[in-house]
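Quick note: the working numbering has the sequence shown finishing at residue 577, numbered continuously throughout.
Below is one structure, written out as C-alpha coordinates, with a few remarks after it.
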Amino acid sequence: MKAEQLALLQLDNYSLRFGANEVVKGVSFQVNAGERVALVGESGSGKTMTALSILGLQPTSTSSGSIVFEDKSISALPGSELEKIRGKDIAMIFQEPMTALNPLYTIGHQVMESLRIHEGLGTAQARERALQLLKRTGIRDPEHRIDAYPHQLSGGQRQRAMIAMALACKPKLLIADEPTTALDMTIRVRIVELLIDIQQQEDMAVLLITHDLNLVRKFAQRVLVMKQGKLVEEGRTEQIFTAPRHEYTRKLIDSLPARNVKPLPHSNPVLLTAQQLNVSYPHPKQTWVNWLKPKRIQVLRDVSIELRKGETLGVVGESGSGKSTLIQALLQLIRTDSGTVKLGDQNLKELSGQARRSWRAKVQVVFQDPFGSLSPRRTIAQTIGEGLQLHRPDLTAQEHLSRVKRALKDVGLESARLDAYPHEFSGGQRQRIAIARALVLEPEVLILDEPTSALDVSIQKQVLDTLGILQQKYGLAYLLITHDLSVVHALSHRILVLKDGEIVEEGSAEQIIHQPRHPYTQRLVNASF
(Lines of atoms letter the chains of each structure in order from A; the text may use other names.)
(Lines give C-alpha, C1' and ligand atoms only; values in the text may rest on other atoms or scores of the structure.)
Protein backbone atom coordinates (compact mmCIF):
# COMPACT_ATOMS: atom_id res chain seq x y z
CA MET A 49 0.00 0.00 0.00
CA LYS A 50 1.39 3.40 -0.91
CA ALA A 51 2.15 6.04 1.73
CA GLU A 52 -0.41 8.40 0.16
CA GLN A 53 -3.18 5.82 0.75
CA LEU A 54 -2.21 5.57 4.42
CA ALA A 55 -2.27 9.34 5.00
CA LEU A 56 -4.62 10.27 7.85
CA LEU A 57 -3.58 13.92 7.99
CA GLN A 58 -1.99 15.90 5.18
CA LEU A 59 -0.81 19.52 5.06
CA ASP A 60 -0.06 20.87 1.60
CA ASN A 61 1.85 24.16 1.23
CA TYR A 62 0.12 25.49 4.38
CA SER A 63 0.94 29.07 5.46
CA LEU A 64 -0.33 31.17 8.36
CA ARG A 65 -0.01 34.93 8.65
CA PHE A 66 -0.76 37.45 11.40
CA GLY A 67 -0.89 40.78 9.61
CA ALA A 68 2.50 41.17 7.93
CA ASN A 69 4.08 38.42 10.04
CA GLU A 70 4.13 34.98 8.37
CA VAL A 71 4.60 32.41 11.17
CA VAL A 72 4.05 29.23 9.12
CA LYS A 73 5.57 29.24 5.63
CA GLY A 74 4.47 26.72 3.01
CA VAL A 75 4.60 23.65 5.26
CA SER A 76 3.82 20.25 3.73
CA PHE A 77 3.80 16.92 5.57
CA GLN A 78 1.58 13.95 6.35
CA VAL A 79 0.83 11.75 9.34
CA ASN A 80 -0.15 8.16 8.54
CA ALA A 81 -2.70 6.09 10.41
CA GLY A 82 -1.20 4.46 13.52
CA GLU A 83 2.07 6.41 13.20
CA ARG A 84 4.02 8.34 15.87
CA VAL A 85 5.46 11.55 14.39
CA ALA A 86 7.42 14.29 16.21
CA LEU A 87 7.36 17.92 15.08
CA VAL A 88 10.43 19.55 16.61
CA GLY A 89 11.94 23.01 16.70
CA GLU A 90 12.88 25.78 19.07
CA SER A 91 10.61 28.49 20.49
CA GLY A 92 9.14 30.58 17.69
CA SER A 93 9.67 27.91 15.03
CA GLY A 94 5.90 27.71 14.32
CA LYS A 95 5.32 24.15 15.53
CA THR A 96 2.53 24.96 18.02
CA MET A 97 0.77 27.29 15.55
CA THR A 98 0.87 24.49 12.98
CA ALA A 99 -0.72 22.11 15.48
CA LEU A 100 -3.41 24.62 16.52
CA SER A 101 -4.22 25.25 12.85
CA ILE A 102 -5.11 21.58 12.35
CA LEU A 103 -8.00 22.02 14.80
CA GLY A 104 -8.80 25.58 13.74
CA LEU A 105 -7.73 26.92 17.14
CA GLN A 106 -5.22 29.47 15.85
CA PRO A 107 -5.87 33.15 16.68
CA THR A 108 -7.50 35.38 14.04
CA SER A 109 -5.22 35.11 11.04
CA THR A 110 -4.93 34.61 7.29
CA SER A 111 -4.05 31.17 5.93
CA SER A 112 -3.40 29.53 2.59
CA GLY A 113 -2.78 26.00 1.40
CA SER A 114 -4.78 23.04 2.64
CA ILE A 115 -5.20 20.74 5.63
CA VAL A 116 -6.82 17.41 4.77
CA PHE A 117 -8.04 14.86 7.32
CA GLU A 118 -9.38 11.50 6.13
CA ASP A 119 -9.55 12.80 2.54
CA LYS A 120 -11.65 15.78 3.62
CA SER A 121 -10.37 19.36 3.59
CA ILE A 122 -10.82 20.83 7.06
CA SER A 123 -8.81 24.06 6.76
CA ALA A 124 -11.80 26.04 5.47
CA LEU A 125 -14.54 24.37 7.54
CA PRO A 126 -16.80 26.65 9.61
CA GLY A 127 -16.53 26.47 13.39
CA SER A 128 -19.73 24.44 13.74
CA GLU A 129 -18.28 21.68 11.53
CA LEU A 130 -14.88 21.71 13.23
CA GLU A 131 -16.59 21.25 16.60
CA LYS A 132 -17.79 17.84 15.40
CA ILE A 133 -14.16 16.83 14.76
CA ARG A 134 -12.46 18.39 17.80
CA GLY A 135 -12.27 15.97 20.69
CA LYS A 136 -13.86 13.16 18.66
CA ASP A 137 -11.70 12.42 15.61
CA ILE A 138 -8.78 14.71 16.51
CA ALA A 139 -7.93 15.38 20.15
CA MET A 140 -5.21 17.50 21.71
CA ILE A 141 -3.15 17.39 24.91
CA PHE A 142 -2.17 20.97 25.68
CA GLN A 143 1.22 22.06 26.99
CA GLU A 144 0.40 23.17 30.54
CA PRO A 145 -2.36 21.15 32.22
CA MET A 146 -2.67 23.58 35.14
CA THR A 147 -3.84 26.31 32.77
CA ALA A 148 -5.54 24.04 30.20
CA LEU A 149 -7.81 22.46 32.82
CA ASN A 150 -10.70 24.55 34.12
CA PRO A 151 -10.10 25.26 37.84
CA LEU A 152 -13.85 25.59 38.51
CA TYR A 153 -14.77 22.04 37.45
CA THR A 154 -13.76 18.65 38.79
CA ILE A 155 -11.56 16.33 36.77
CA GLY A 156 -14.52 13.99 36.28
CA HIS A 157 -16.72 16.77 34.89
CA GLN A 158 -14.06 17.72 32.34
CA VAL A 159 -13.45 14.14 31.19
CA MET A 160 -17.21 13.51 30.93
CA GLU A 161 -17.86 16.68 28.90
CA SER A 162 -16.76 15.33 25.51
CA LEU A 163 -18.57 12.02 26.16
CA ARG A 164 -21.82 13.93 26.63
CA ILE A 165 -21.26 16.18 23.60
CA HIS A 166 -19.96 13.68 21.05
CA GLU A 167 -21.46 10.38 22.21
CA GLY A 168 -24.65 11.59 23.87
CA LEU A 169 -24.06 9.63 27.08
CA GLY A 170 -26.07 10.30 30.21
CA THR A 171 -24.42 11.34 33.46
CA ALA A 172 -24.17 7.83 34.96
CA GLN A 173 -22.74 6.28 31.77
CA ALA A 174 -20.32 9.15 31.21
CA ARG A 175 -19.09 8.92 34.82
CA GLU A 176 -18.50 5.18 34.47
CA ARG A 177 -16.49 5.73 31.26
CA ALA A 178 -14.57 8.57 32.92
CA LEU A 179 -13.62 6.25 35.79
CA GLN A 180 -12.36 3.67 33.31
CA LEU A 181 -10.30 6.32 31.50
CA LEU A 182 -8.74 7.67 34.70
CA LYS A 183 -7.85 4.14 35.75
CA ARG A 184 -6.42 3.34 32.32
CA THR A 185 -4.19 6.42 32.37
CA GLY A 186 -2.74 5.35 35.71
CA ILE A 187 -4.39 7.75 38.15
CA ARG A 188 -4.43 6.12 41.57
CA ASP A 189 -7.71 5.84 43.45
CA PRO A 190 -9.84 7.11 40.51
CA GLU A 191 -13.07 6.80 42.54
CA HIS A 192 -11.87 9.69 44.71
CA ARG A 193 -9.78 11.58 42.15
CA ILE A 194 -12.73 11.90 39.78
CA ASP A 195 -14.24 14.46 42.15
CA ALA A 196 -10.98 16.35 42.70
CA TYR A 197 -10.22 19.78 41.25
CA PRO A 198 -7.06 20.40 39.16
CA HIS A 199 -5.19 22.16 41.99
CA GLN A 200 -5.66 19.07 44.18
CA LEU A 201 -3.63 16.88 41.80
CA SER A 202 0.12 16.67 41.25
CA GLY A 203 1.65 17.74 37.92
CA GLY A 204 1.87 14.14 36.72
CA GLN A 205 -1.72 13.41 37.74
CA ARG A 206 -2.97 16.53 35.93
CA GLN A 207 -1.17 15.43 32.78
CA ARG A 208 -2.75 11.97 33.04
CA ALA A 209 -6.17 13.62 33.45
CA MET A 210 -5.50 15.62 30.25
CA ILE A 211 -4.65 12.39 28.45
CA ALA A 212 -7.88 10.80 29.74
CA MET A 213 -9.87 13.77 28.39
CA ALA A 214 -8.17 13.48 25.00
CA LEU A 215 -8.77 9.72 24.76
CA ALA A 216 -12.43 9.85 25.84
CA CYS A 217 -13.89 9.53 22.34
CA LYS A 218 -11.14 7.28 20.92
CA PRO A 219 -9.69 9.81 18.44
CA LYS A 220 -7.92 8.72 15.29
CA LEU A 221 -5.28 11.44 15.71
CA LEU A 222 -3.87 12.71 19.01
CA ILE A 223 -1.85 15.94 19.00
CA ALA A 224 0.39 16.16 22.09
CA ASP A 225 1.89 19.62 22.61
CA GLU A 226 4.94 19.37 24.93
CA PRO A 227 3.17 16.71 27.06
CA THR A 228 6.09 16.23 29.49
CA THR A 229 7.22 19.83 30.03
CA ALA A 230 7.74 20.70 33.72
CA LEU A 231 7.46 17.04 34.81
CA ASP A 232 10.14 15.13 36.72
CA MET A 233 12.28 12.73 34.69
CA THR A 234 10.77 9.49 36.02
CA ILE A 235 7.24 10.86 35.52
CA ARG A 236 8.19 11.90 31.96
CA VAL A 237 9.18 8.32 31.19
CA ARG A 238 5.89 6.98 32.60
CA ILE A 239 3.87 9.48 30.51
CA VAL A 240 5.80 8.54 27.35
CA GLU A 241 5.35 4.82 28.04
CA LEU A 242 1.63 5.42 28.67
CA LEU A 243 1.22 7.29 25.36
CA ILE A 244 3.06 4.58 23.40
CA ASP A 245 1.03 1.83 25.08
CA ILE A 246 -2.31 3.51 24.35
CA GLN A 247 -1.28 4.46 20.81
CA GLN A 248 -0.42 0.84 20.03
CA GLN A 249 -3.59 -0.55 21.63
CA GLU A 250 -5.86 1.90 19.78
CA ASP A 251 -3.81 1.99 16.54
CA MET A 252 -4.02 5.75 16.89
CA ALA A 253 -1.78 8.30 15.15
CA VAL A 254 0.12 10.71 17.39
CA LEU A 255 1.67 14.04 16.40
CA LEU A 256 4.10 15.05 19.16
CA ILE A 257 5.06 18.73 19.39
CA THR A 258 8.29 19.20 21.37
CA HIS A 259 11.76 20.70 21.67
CA ASP A 260 12.96 17.79 23.85
CA LEU A 261 15.20 15.66 21.63
CA ASN A 262 15.61 12.93 24.26
CA LEU A 263 11.82 12.53 24.28
CA VAL A 264 11.75 12.42 20.47
CA ARG A 265 14.36 9.66 20.39
CA LYS A 266 12.31 7.49 22.77
CA PHE A 267 8.89 8.16 21.26
CA ALA A 268 8.84 8.99 17.56
CA GLN A 269 9.07 6.77 14.48
CA ARG A 270 9.47 9.77 12.16
CA VAL A 271 10.65 13.35 12.79
CA LEU A 272 9.76 16.70 11.19
CA VAL A 273 12.09 19.65 11.90
CA MET A 274 10.84 23.25 11.78
CA LYS A 275 12.84 26.47 11.80
CA GLN A 276 11.35 29.98 11.61
CA GLY A 277 8.08 28.70 10.20
CA LYS A 278 9.59 26.40 7.56
CA LEU A 279 9.89 22.63 7.48
CA VAL A 280 13.62 22.13 6.88
CA GLU A 281 13.98 18.35 7.22
CA GLU A 282 12.02 15.15 7.77
CA GLY A 283 13.03 11.54 8.09
CA ARG A 284 13.06 8.38 10.17
CA THR A 285 14.10 9.01 13.78
CA GLU A 286 17.30 6.99 13.52
CA GLN A 287 18.36 8.85 10.37
CA ILE A 288 17.67 12.28 11.92
CA PHE A 289 19.83 11.51 14.96
CA THR A 290 22.66 9.65 13.22
CA ALA A 291 22.88 11.37 9.81
CA PRO A 292 21.01 14.71 9.84
CA ARG A 293 21.15 16.44 6.48
CA HIS A 294 20.17 20.06 7.25
CA GLU A 295 22.59 22.37 9.04
CA TYR A 296 19.91 23.42 11.56
CA THR A 297 19.09 19.80 12.44
CA ARG A 298 22.79 19.11 12.99
CA LYS A 299 22.93 22.18 15.24
CA LEU A 300 20.04 20.87 17.34
CA ILE A 301 21.60 17.42 17.69
CA ASP A 302 25.01 18.89 18.54
CA SER A 303 23.38 21.10 21.21
CA LEU A 304 22.55 18.14 23.43
CA PRO A 305 24.61 18.68 26.63
CA ALA A 306 28.10 17.17 26.33
CA ARG A 307 30.53 16.80 29.21
CA ASN A 308 33.29 19.42 29.25
CA VAL A 309 34.69 19.54 32.79
CA LYS A 310 38.31 20.39 33.60
CA PRO A 311 39.98 18.33 36.38
CA LEU A 312 39.89 19.99 39.80
CA PRO A 313 43.25 20.47 41.59
CA HIS A 314 43.27 18.71 44.99
CA SER A 315 44.89 21.81 46.49
CA ASN A 316 41.81 23.97 45.89
CA PRO A 317 40.50 25.21 49.26
CA VAL A 318 37.03 24.43 50.60
CA LEU A 319 34.77 27.50 50.23
CA LEU A 320 31.29 26.44 51.35
CA THR A 321 30.39 23.80 53.90
CA ALA A 322 27.08 22.76 55.41
CA GLN A 323 26.97 20.27 58.27
CA GLN A 324 23.95 18.22 59.39
CA LEU A 325 21.26 20.61 58.10
CA ASN A 326 17.77 19.76 59.33
CA VAL A 327 14.63 21.64 58.33
CA SER A 328 11.01 20.90 59.22
CA TYR A 329 7.69 22.68 58.83
CA PRO A 330 4.56 22.54 61.02
CA HIS A 331 2.01 20.04 59.74
CA PRO A 332 -0.74 22.00 57.93
CA LYS A 333 -3.52 19.96 59.56
CA GLN A 334 -3.21 20.14 63.33
CA THR A 335 -5.81 18.59 65.64
CA TRP A 336 -6.56 19.08 69.34
CA VAL A 337 -4.83 15.75 70.02
CA ASN A 338 -1.40 17.05 68.95
CA TRP A 339 -2.00 20.72 69.83
CA LEU A 340 0.44 20.64 72.78
CA LYS A 341 3.13 18.90 70.71
CA PRO A 342 2.50 19.90 67.07
CA LYS A 343 3.45 17.50 64.31
CA ARG A 344 6.19 18.62 61.94
CA ILE A 345 7.09 17.53 58.41
CA GLN A 346 10.80 16.85 57.92
CA VAL A 347 11.95 18.32 54.59
CA LEU A 348 15.74 18.18 55.06
CA ARG A 349 17.38 15.47 57.12
CA ASP A 350 21.08 15.61 58.12
CA VAL A 351 22.23 17.12 54.82
CA SER A 352 25.96 17.92 54.61
CA ILE A 353 27.83 19.34 51.61
CA GLU A 354 31.34 20.57 50.84
CA LEU A 355 32.19 22.80 47.88
CA ARG A 356 35.72 23.69 46.75
CA LYS A 357 37.00 26.67 44.77
CA GLY A 358 36.48 26.06 41.04
CA GLU A 359 34.26 23.03 41.65
CA THR A 360 30.73 22.32 40.43
CA LEU A 361 28.61 20.22 42.77
CA GLY A 362 25.39 19.03 41.15
CA VAL A 363 22.38 18.45 43.38
CA VAL A 364 19.70 16.37 41.66
CA GLY A 365 16.30 15.15 42.71
CA GLU A 366 12.67 15.34 41.71
CA SER A 367 10.00 17.78 42.86
CA GLY A 368 9.61 17.61 46.62
CA SER A 369 13.09 16.17 47.19
CA GLY A 370 14.24 19.25 49.14
CA LYS A 371 16.38 21.02 46.51
CA SER A 372 14.75 24.45 46.89
CA THR A 373 14.68 24.12 50.67
CA LEU A 374 18.42 23.40 50.60
CA ILE A 375 19.06 26.71 48.79
CA GLN A 376 17.01 28.62 51.37
CA ALA A 377 18.75 26.82 54.24
CA LEU A 378 22.23 27.56 52.84
CA LEU A 379 21.40 31.28 52.65
CA GLN A 380 19.55 31.15 56.00
CA LEU A 381 16.42 32.50 54.35
CA ILE A 382 14.45 29.97 56.40
CA ARG A 383 14.89 28.77 59.97
CA THR A 384 16.86 25.55 60.30
CA ASP A 385 16.23 23.15 63.18
CA SER A 386 19.95 22.35 63.44
CA GLY A 387 23.18 22.41 61.47
CA THR A 388 25.77 24.97 60.38
CA VAL A 389 26.63 26.80 57.15
CA LYS A 390 30.12 28.27 56.67
CA LEU A 391 31.91 30.23 53.97
CA GLY A 392 35.55 29.65 54.77
CA ASP A 393 35.61 29.88 58.57
CA GLN A 394 32.64 32.28 58.85
CA ASN A 395 29.51 30.70 60.35
CA LEU A 396 26.44 32.37 58.87
CA LYS A 397 24.35 31.74 61.99
CA GLU A 398 26.80 33.72 64.11
CA LEU A 399 26.64 36.77 61.82
CA SER A 400 24.09 39.56 61.84
CA GLY A 401 23.41 42.89 60.13
CA GLN A 402 26.14 44.14 57.82
CA ALA A 403 28.34 41.07 58.41
CA ARG A 404 25.57 38.76 57.19
CA ARG A 405 24.91 40.95 54.13
CA SER A 406 28.62 40.85 53.28
CA TRP A 407 28.55 37.04 53.58
CA ARG A 408 25.61 36.82 51.18
CA ALA A 409 27.36 39.07 48.66
CA LYS A 410 29.91 36.27 48.27
CA VAL A 411 27.23 33.64 47.67
CA GLN A 412 24.92 34.68 44.82
CA VAL A 413 21.93 32.95 43.21
CA VAL A 414 20.90 32.63 39.54
CA PHE A 415 17.20 31.83 39.61
CA GLN A 416 15.28 29.34 37.50
CA ASP A 417 13.01 31.63 35.51
CA PRO A 418 14.71 34.45 33.56
CA PHE A 419 11.27 35.83 32.71
CA GLY A 420 10.07 36.16 36.31
CA SER A 421 13.33 36.96 38.13
CA LEU A 422 14.01 40.24 36.27
CA SER A 423 11.86 43.27 37.06
CA PRO A 424 10.06 44.44 33.89
CA ARG A 425 10.19 48.05 35.14
CA ARG A 426 13.96 48.30 35.53
CA THR A 427 16.54 48.71 32.79
CA ILE A 428 19.35 46.19 32.47
CA ALA A 429 21.80 48.72 33.97
CA GLN A 430 19.54 49.16 37.01
CA THR A 431 18.96 45.41 37.39
CA ILE A 432 22.65 44.46 37.25
CA GLY A 433 23.73 47.42 39.37
CA GLU A 434 21.18 46.88 42.14
CA GLY A 435 23.49 44.64 44.16
CA LEU A 436 26.30 47.16 43.93
CA GLN A 437 24.03 49.87 45.35
CA LEU A 438 23.36 47.69 48.39
CA HIS A 439 26.79 46.13 48.97
CA ARG A 440 29.19 48.70 47.43
CA PRO A 441 27.74 52.19 48.02
CA ASP A 442 31.34 53.46 48.25
CA LEU A 443 31.84 53.12 44.47
CA THR A 444 31.78 56.24 42.33
CA ALA A 445 29.25 56.45 39.50
CA GLN A 446 32.01 55.72 36.98
CA GLU A 447 33.28 52.70 38.95
CA HIS A 448 29.70 51.43 39.32
CA LEU A 449 29.06 51.68 35.56
CA SER A 450 32.41 50.08 34.74
CA ARG A 451 31.59 47.01 36.85
CA VAL A 452 28.15 46.67 35.26
CA LYS A 453 29.68 46.82 31.76
CA ARG A 454 32.36 44.27 32.69
CA ALA A 455 29.72 41.85 34.02
CA LEU A 456 27.75 42.18 30.77
CA LYS A 457 30.89 41.60 28.71
CA ASP A 458 31.72 38.49 30.76
CA VAL A 459 28.40 36.90 29.75
CA GLY A 460 28.76 37.88 26.09
CA LEU A 461 26.34 40.82 25.91
CA GLU A 462 26.95 44.32 24.57
CA SER A 463 26.99 47.26 26.97
CA ALA A 464 25.25 49.36 24.30
CA ARG A 465 21.94 47.85 25.47
CA LEU A 466 22.21 48.89 29.11
CA ASP A 467 19.13 51.10 28.83
CA ALA A 468 16.96 48.32 27.37
CA TYR A 469 14.30 46.43 29.38
CA PRO A 470 14.04 42.65 29.91
CA HIS A 471 11.20 42.17 27.39
CA GLU A 472 13.53 43.39 24.63
CA PHE A 473 15.79 40.34 25.08
CA SER A 474 15.41 36.66 24.24
CA GLY A 475 15.13 33.98 26.93
CA GLY A 476 18.81 33.05 26.64
CA GLN A 477 19.88 36.70 26.83
CA ARG A 478 17.71 37.22 29.91
CA GLN A 479 19.41 34.29 31.64
CA ARG A 480 22.81 35.80 30.77
CA ILE A 481 21.63 39.08 32.36
CA ALA A 482 20.64 37.14 35.49
CA ILE A 483 24.14 35.62 35.59
CA ALA A 484 25.70 39.10 35.12
CA ARG A 485 23.60 40.42 38.03
CA ALA A 486 25.15 37.72 40.24
CA LEU A 487 28.69 38.20 38.85
CA VAL A 488 28.84 41.95 39.39
CA LEU A 489 29.47 41.47 43.13
CA GLU A 490 32.49 39.25 42.41
CA PRO A 491 31.11 36.28 44.40
CA GLU A 492 33.02 33.16 45.37
CA VAL A 493 30.02 30.83 45.03
CA LEU A 494 27.13 30.81 42.54
CA ILE A 495 24.01 28.81 43.35
CA LEU A 496 22.42 27.90 40.00
CA ASP A 497 18.75 27.00 40.44
CA GLU A 498 17.62 25.14 37.28
CA PRO A 499 19.52 27.68 35.13
CA THR A 500 18.60 26.15 31.76
CA SER A 501 15.16 24.57 32.31
CA ALA A 502 13.27 27.39 30.57
CA LEU A 503 15.60 27.52 27.53
CA ASP A 504 15.70 25.89 24.11
CA VAL A 505 18.35 23.22 23.61
CA SER A 506 20.75 25.36 21.55
CA ILE A 507 20.41 28.32 23.95
CA GLN A 508 20.90 25.89 26.84
CA LYS A 509 24.27 24.88 25.38
CA GLN A 510 25.33 28.53 25.03
CA VAL A 511 24.51 29.23 28.69
CA LEU A 512 26.34 26.09 29.86
CA ASP A 513 29.38 27.08 27.76
CA THR A 514 29.29 30.58 29.28
CA LEU A 515 29.17 29.14 32.81
CA GLY A 516 32.16 26.90 32.03
CA ILE A 517 34.22 29.83 30.71
CA LEU A 518 33.38 32.00 33.74
CA GLN A 519 34.34 29.22 36.14
CA GLN A 520 37.76 28.84 34.50
CA LYS A 521 38.31 32.61 34.41
CA TYR A 522 37.35 33.44 38.01
CA GLY A 523 37.67 30.14 39.87
CA LEU A 524 33.97 30.25 40.77
CA ALA A 525 32.38 27.42 42.73
CA TYR A 526 28.95 26.34 41.46
CA LEU A 527 26.19 24.61 43.34
CA LEU A 528 24.02 23.39 40.46
CA ILE A 529 20.45 22.53 41.47
CA THR A 530 18.52 20.65 38.79
CA HIS A 531 16.36 17.67 37.89
CA ASP A 532 18.07 17.30 34.49
CA LEU A 533 20.88 14.74 34.75
CA SER A 534 22.20 15.49 31.25
CA VAL A 535 22.87 19.10 32.31
CA VAL A 536 24.40 18.15 35.66
CA HIS A 537 26.65 15.56 33.98
CA ALA A 538 27.84 18.15 31.45
CA LEU A 539 28.92 20.67 34.11
CA SER A 540 29.59 18.88 37.42
CA HIS A 541 32.67 17.42 39.09
CA ARG A 542 30.58 15.69 41.77
CA ILE A 543 26.88 14.89 42.15
CA LEU A 544 24.73 14.29 45.19
CA VAL A 545 21.23 12.83 44.92
CA LEU A 546 18.40 14.06 47.15
CA LYS A 547 15.27 12.05 47.85
CA ASP A 548 12.64 13.05 50.42
CA GLY A 549 15.09 15.47 52.05
CA GLU A 550 17.95 12.97 52.43
CA ILE A 551 21.16 12.40 50.48
CA VAL A 552 20.81 8.86 49.15
CA GLU A 553 23.99 8.85 47.05
CA GLU A 554 27.04 11.03 46.45
CA GLY A 555 30.06 10.58 44.22
CA SER A 556 31.94 11.74 41.13
CA ALA A 557 29.80 12.70 38.16
CA GLU A 558 31.13 9.78 36.13
CA GLN A 559 30.39 7.26 38.88
CA ILE A 560 26.87 8.55 39.52
CA ILE A 561 25.95 8.52 35.81
CA HIS A 562 27.69 5.31 34.73
CA GLN A 563 27.64 3.21 37.93
CA PRO A 564 24.78 4.41 40.15
CA ARG A 565 24.38 2.31 43.27
CA HIS A 566 21.11 3.45 44.86
CA PRO A 567 17.85 2.20 43.20
CA TYR A 568 16.48 5.76 43.12
CA THR A 569 19.59 7.07 41.34
CA GLN A 570 19.36 4.19 38.89
CA ARG A 571 15.76 5.16 38.06
CA LEU A 572 16.77 8.79 37.49
CA VAL A 573 19.67 7.81 35.22
CA ASN A 574 17.57 5.34 33.22
CA ALA A 575 14.91 8.02 32.73
CA SER A 576 17.46 10.59 31.51
CA PHE A 577 19.76 8.71 29.11
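Heads up, the beta-carbon is just placed ideally off N, CA and C, and yes, glycines get one too.
{"Check": "Residues near Y62 in its chain [Cβ-Cβ closer than 8 Å; skip 5 each side]", "Outcome": "V72, G74, V75, S76, T98, S101, S111, S112, G113, S114, I115 and S123"}
{"Check": "Contact the region 134-148 vs the region 206-216: 3+ CB pairs below 8 Å", "Outcome": "yes"}
{"Check": "Spatial neighbours of A268 in its chain, beta-carbon cut-off 7 Å, leaving aside the 5 residues before and after", "Outcome": "R84, V85, A86, L256 and T285"}
{"Check": "Through-space distance from L312 to G358, alpha-carbon basis", "Outcome": "7 Å"}
{"Check": "Beta carbon of E492 nearer than 8 Å to that of K410", "Outcome": "yes"}
{"Check": "Under the three-state DSSP convention, the category L572 falls into", "Outcome": "helix"}
{"Check": "Selected residue, minimal CA-CA separation from S600, among R571, I543, R478 and S474", "Outcome": "The chain is shown from 49 up to 577; residue 600 falls before or after that span and cannot be answered."}
{"Check": "Whole-angstrom distance between R134 and P567, CA atom to CA atom", "Outcome": "43 Å"}
{"Check": "Distance CB(A322)-CB(S352) smaller than 8 Å", "Outcome": "yes"}
{"Check": "Presumed contact (8 Å Cβ cut-off) between E550 and R349, rounded CB distance", "Outcome": "5 Å"}
{"Check": "Bounding residues of the beta strand (DSSP E) (the contiguous stretch that carries G433)", "Outcome": "It is not in any beta strand (DSSP E) - G433 instead sits in the alpha helix (DSSP H) that spans I428 to H439."}
{"Check": "C-beta contact flag for L221 and V79 at 8 Å", "Outcome": "yes"}
{"Check": "Q520 - containing beta strand (DSSP E), residue span", "Outcome": "Here Q520 belongs to no beta strand (DSSP E); instead the alpha helix (DSSP H) covers V505 to Y522."}
{"Check": "Separation of L546 from R293, as counted between CA atoms", "Outcome": "41 Å"}
{"Check": "Coil, strand or helix - F142 by DSSP", "Outcome": "coil"}
{"Check": "For L396, three-class secondary structure by DSSP", "Outcome": "helix"}
{"Check": "Segments of 4+ residues assigned as alpha helix (DSSP H) that fall wholly inside the region 115-195", "Outcome": "127-133, 145-148, 155-167, 171-184 and 190-193"}
{"Check": "Distance between H157 and K50 (C-alpha atoms, nearest Å)", "Outcome": "The predicted position of K50 is uncertain, since its pLDDT is 40 and thus under 50; no value can be drawn from it."}
{"Check": "Residue from R206, L103, Q570 and Q106 whose Cα sits closest to the Cα of A148", "Outcome": "R206"}
{"Check": "Distance between S121 and G82 (C-alpha atoms, nearest Å)", "Outcome": "20 Å"}
{"Check": "Exposure of S576, with buried meaning 16 or more beta-carbon neighbours within 10 Å", "Outcome": "buried"}
{"Check": "Reduced DSSP secondary structure (H/G/I, E/B, other) of G203", "Outcome": "helix"}
{"Check": "Segment contact, 8 Å Cβ cut-off, at least three pairs: the region 189-196 with the region 171-181", "Outcome": "yes"}
{"Check": "Inter-residue spacing [alpha-carbon to alpha-carbon] between P418 and T171", "Outcome": "45 Å"}
{"Check": "For Q249, three-class secondary structure by DSSP", "Outcome": "helix"}
{"Check": "Sequence-distant residues of its chain with Cβ nearer than 7 Å to K310 (five each side left out)", "Outcome": "Q520"}
{"Check": "Cβ-Cβ distance between G435 and T514 below 8 Å", "Outcome": "no"}
{"Check": "Per-residue burial, L105 [other beta carbons within 10 Å of its own, 16 or more giving buried]", "Outcome": "exposed"}
{"Check": "Pick from S128, P305, I529 and E129 that is closest to S367, judged by C-alpha positions", "Outcome": "I529"}
{"Check": "Limits of the unbroken alpha helix (DSSP H) element including T96", "Outcome": "K95 to I102"}
{"Check": "Coarse secondary structure for T388, derived from DSSP in three states", "Outcome": "strand"}
{"Check": "N574 classed as buried or exposed, judged by whether at least 16 other C-beta atoms fall within 10 angstroms", "Outcome": "exposed"}
{"Check": "Delimiting residues of the alpha helix (DSSP H) encompassing R451", "Outcome": "A445 to D458"}
{"Check": "Best match in A68, P317 and L533 for proximity to P305 [C-alpha to C-alpha]", "Outcome": "L533"}
{"Check": "Range of the contiguous beta strand (DSSP E) that encloses Y62", "Outcome": "A55 to F66"}
{"Check": "Of the residues E447, S423 and H439, the one placed nearest A482, counting alpha carbons only", "Outcome": "S423"}
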